[in-house]
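I have placed the structure first, in the form of structure tokens, so that the comments after it can refer back to it.
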Amino acid sequence: MRETVFLMLMALHLLAATTWVGGVLFFMFAVVPAARAAPSAGIPDALGRAFRPVAYGALGTLIVTGPLLLLVQGIGPRTIIRARFWVSAFGVTLAVKAGLVALVLMLTVWHDAILGPRAQRSRATRIVGRAIGLLSVAILLAGLLLAQGL
Ligand code: HEM
Numbered sequence: 224m225r226e227t228v229f230l231m232l233m234a235l236h237l238l239a240a241t242t243w244v245g246g247v248l249f250f251m252f253a254v255v256p257a258a259r260a261a262p263s264a265g266i267p268d269a270l271g272r273a274f275r276p277v278a279y280g281a282l283g284t285l286i287v288t289g290p291l292l293l294l295v296q297g298i299g300p301r302t303i304i305r306a307r308f309w310v311s312a313f314g315v316t317l318a319v320k321a322g323l324v325a326l327v328l329m330l331t332v333w334h335d336a337i338l339g340p341r342a343q344r345s346r347a348t349r350i351v352g353r354a355i356g357l358l359s360v361a362i363l364l365a366g367l368l369l370a371q372g373l
């Protein structure tokens, strides 16, 4: 039973991870360069608006299924309040991963709600967008380490 729940959560987590990271990279490497090559088409904004609910849904799914994956493996509140947990390889990777997820969440809100709607997109918009892409790939790699117990 526990294994079935774990597999179902992992499937959801992986589906959401591919959706989020794939979407961010597609914007970085396809939509943004295309918009620069053919400006004023209005397509990038429309794409952004259309993809946003999917991307936020994926991010939300990751934030919910991540802690559930820990719980199913017996890593609950009683484990994570122990200092010993956070000095293990798994604990350090988890702390780094959770910190990066929080950072990506903040940068995404900043990018979409504050920088993005401005008519005159700044260099900051591009830099923050790239940082979200880079950090998302780092989170994915941290996930690989966690799955190895590291
Ligand atoms: C942008 C957000 C996230 C991405 C892209 C992501 C990505 C991934 C990936 C790709 C894996 C699977 C690696 C594999 O099967 O080889 C994974 C595993 C895992 N993730 Fe995430 N993750 C995210 C957020 C979170 C959060 C917020 C948590 C919990 C705080 C979390 C906890 C875990 C755990 C515990 C595993 C390993 C499960 C196991 O023991 O096998 N993840 N993650």
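In the numbering used here, the protein residues as written are 224 to 373.
Idealized CB from N, CA, C, for every residue including glycine.
Keep in mind that this is a model prediction, so the values were computed, not measured.
Query                                                                                                      : Result
Span of the alpha helix (DSSP H), counted from its first residue to its last, around Ala-336               : Neither: Ala-336 is in no alpha helix (DSSP H) and is coded neither H nor E.
Same chain only: Cβ atoms within 8 angstroms of Ala-363, ignoring 5 sequence neighbours per side           : A small correction: the amino acid at residue 363 is Leu; Ala does not occupy that position in the sequence shown. Ala-240, Val-244, listed in sequence order.
For Arg-349, the nearest candidate out of Phe-252, Met-231, Thr-284, Gly-280 (CA to CA)                    : Phe-252
Buried versus exposed call for Ala-365 [16 or more other C-beta atoms within 10 Å across all chains shown] : buried
Alpha-carbon to alpha-carbon, Asp-268 and Trp-309                                                          : 42 angstroms
Whether Val-277 touches Thr-227 by CB criterion (8 angstroms)                                              : no
Entirely enclosed alpha helix (DSSP H) segments - the segment 280–304, minimum 4 residues                  : 300–303
Exposed unless 16 or more other CB atoms sit within 10 angstroms - verdict on Ala-281                      : buried
Alpha helix (DSSP H) segment containing Val-255, residue limits                                            : 255–260
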